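So the structure is just underneath, and the comments pick up after that.
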Amino acid sequence: MDIKGRLAVGALKLIGKLPLHWSRRLGWFVGRMAVCSRSEGLRLSRINLALCYPAMDPRQRERLARESVISTAMTGFEMAALWSKPWAKNENAIVRVRNQQLLSAGEAEGRGTIVLMPHTGNWEIFGLYVGTLAPCTVLYQPPKIEALDPVIRGGREVTGGKMVPTNVHGVRALLKSLKAGNLALILPDQEPDMGGDFAPFFGRPALTMTLIHNLIQRTHCHVVFGFGKRVEGGFELVFVPAEKAIYSDEQKVSLAAMNRGVEACIAQAPEQYQWEYKRFRKQPEGKSKVYRKKK
173 MDIKGRLAVG ALKLIGKLPL HWSRRLGWFV GRMAVCSRSE GLRLSRINLA LCYPAMDPRQ
233 RERLARESVI STAMTGFEMA ALWSKPWAKN ENAIVRVRNQ QLLSAGEAEG RGTIVLMPHT
293 GNWEIFGLYV GTLAPCTVLY QPPKIEALDP VIRGGREVTG GKMVPTNVHG VRALLKSLKA
353 GNLALILPDQ EPDMGGDFAP FFGRPALTMT LIHNLIQRTH CHVVFGFGKR VEGGFELVFV
413 PAEKAIYSDE QKVSLAAMNR GVEACIAQAP EQYQWEYKRF RKQPEGKSKV YRKKK
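The working numbering puts the last residue of the sequence shown at 467; the count rises by one with no breaks.
Given below as structure tokens:
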């Protein structure tokens, strides 16, 4: 393990020793510093919010941009705390669960279920909770710092979820899980490296993964959305129904419905969405210039 890996693992474990409310406060402080220093995350959040909410009052958009940067920092510090603690302790941070009956529909029909978790609030606590309900397979992108992989993987698998890589082997594992009537957890709101098509996201074309549409067509599974909303005293876990159009044979219809499902989750806590991500980096005519820094 190199020095960078040692420092990263040490920092994660140190933060992980803090109670959740203290890691949340520390994340708030770091996020606030990022706002005050006019960080790159704040710049990107402003751009994305202007693209997605052009009719919104500029002052409200600015407030959302600042809150999003702080929320993203809080999520990062909360994750370290969640990965380092036993589930019995993390479970106490769940204040309430809404609409869990939506998850049961697939099971009642003997079908597998895809659970789509947008980058809203804290998706880690949501994924950990879902792992306690049924056998599940989770699509996983290993961290760039290799030394962090066993720490993060161990934290995410503590409730029984099986991490699989974002490659052909991972896709096979997802298919196997769904065909067996189990769960598959996927983050649906990032640009895919391959297997993508453009679909509207807040009225703008966004490169959207086709994997989920293909899984639905091959397994006839059920689909539901969900996220972990940060609230006073912990988290509120929210399940959100998917539109019927997500099951369409037509890929573009299905992808558009999936993106609307992501939008529906965001609408419940727009200040907790990760607006810092370059969601519109690629466009049908080529690479987008909307994120280019002005000279």
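Even glycine gets a Cβ: it sits at the ideal position worked out from N, Cα and C. Quick caveat: nothing in here was measured; it's all calculated off a predicted structure.
Query                                                                                                                                                             : Result
Confirm, please, whether the CB-CB distance from Ser195 to Phe249 is below 7 Å.                                                                                   : yes
Under 8 Å: do the region 295 to 302 and the region 362 to 379 share three or more Cβ pairs, one atom per stretch?                                                 : no
Which residue from Ala253, Ile317, Ala352 puts its Cα closest to that of Leu198?                                                                                  : Ala253
With burial defined as no fewer than 16 other Cβ atoms inside 10 Å of the residue's Cβ, what is the status of Lys257: buried or exposed?                          : buried
In three-state terms, what does DSSP make of Met205?                                                                                                              : helix
Where Lys424 and Gln362 are concerned, what is the direct C-alpha to C-alpha distance, given to the nearest angstrom?                                             : 17 Å
Using 10 angstroms around the beta-carbon of Arg231, count the other beta-carbons present and answer buried if the total reaches 16, otherwise exposed.           : exposed
Using 8 Å for Cβ pairs, my map puts Leu346 next to Leu311. What's the rounded Cβ distance?                                                                        : 7 Å
How is the alpha helix (DSSP H) around Lys334 delimited, first residue to last?                                                                                   : Lys334 -> not in any alpha helix (DSSP H); beta strand (DSSP E) instead, spanning 334 to 337.
Following the continuous alpha helix (DSSP H) through Leu184, name the residue where it begins and the one where it ends.                                         : 175 to 188
Between which two residues does the alpha helix (DSSP H) containing Thr247 stretch?                                                                               : 230 to 255
Pick helix, strand or coil for Cys224, following the three-state DSSP scheme.                                                                                     : helix
Taking one C-beta from the region 333 to 341 and one from the region 258 to 273 each time, how about it: are there three or more such pairs within less than 8 Å? : no
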